[in-house]
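The structure appears below as structure tokens.
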Amino acid sequence: MPRPYLALMTRKTWAAMVGALCLWGCGDATVADLTDRQSDAVNAASDNLCDNFEQCGEIGTGKAYASRGECETQRKAFWNDKWPVASCDDRIHGDNLQVCLDAIKAMDCNSLIDELKVINGDCAQSKVCGGE
């Protein structure tokens, strides 16, 4: 007899569960250790950047982003432009991606200069998608 709760789970939910289990089972593994897919790098960078904006109070009514979902949508579009699939899929340099993700987490709140340094420095396509 099928379990009805399993039928309700979406592919996204399954993917999140598998990813979480893998990260849990792999000790200190990060997204940079586990994949070289452009989409995974885009998702990780978007999540980190939206986490930063959330911690800095930039998500909510009347703020830079009305919701977390709006932030993620806009940031994924940004990273997809910055790291195009044709140039980056299966070419993500894990160590450099991790440097980028760590730099995003450490950005100062509301510092456009800091954000530009991270995006054009540690997160440059030439580093993340090719590995200088």
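Under mature numbering (1 follows the signal peptide of the UniProt record, and there is no 0), residues -31 to -1, 1 to 101 are what the sequence shown spells out, in order. The beta-carbon is built from N, C-alpha and C at its ideal position, and this holds for glycine as well.
From residue i to residue j, what does the alpha carbon distance come to, in whole angstroms?
i: Thr30; j: Arg37; result: 11 Å
i: Leu66; j: Cys92; result: 7 Å
i: Cys57; j: Asn17; result: 19 Å
i: Ser95; j: Arg6; result: 15 Å
i: Ile88; j: Arg44; result: 12 Å
i: Leu70; j: Thr42; result: 18 Å
Starting from residue i, follow the alpha helix (DSSP H) in both directions and report where the run begins and ends.
i: Trp48; result: 37 to 51
i: Asp20; result: 7 to 24
i: Ser80; result: No alpha helix (DSSP H) contains Ser80, which DSSP labels as neither H nor E.
Could you check which residue in the options has the C-alpha nearest to that of residue i?
i: Asp9; options: Asn79, Gly90, Ser95, Gly63; result: Gly63
i: Asn49; options: Gly26, Asp20, Val68, Ala14; result: Ala14
Counting only the same chain and skipping the five closest in sequence on each side, list residues whose C-beta sits under 7 Å from that of residue i.
i: Phe22; result: Ile28, Ala33, Tyr34, Cys40
Ordered along the chain, which non-local residues of its own chain (more than five positions away) have a Cβ less than 8 Å from that of residue i?
i: Val11; result: Lys45, Trp48, Asn49, Trp52
- Message: Contact between the segment 66 to 75 and the segment 41 to 53 is defined here as three or more beta-carbon pairs at a separation below 8 Å; is this criterion met?
- Response: no
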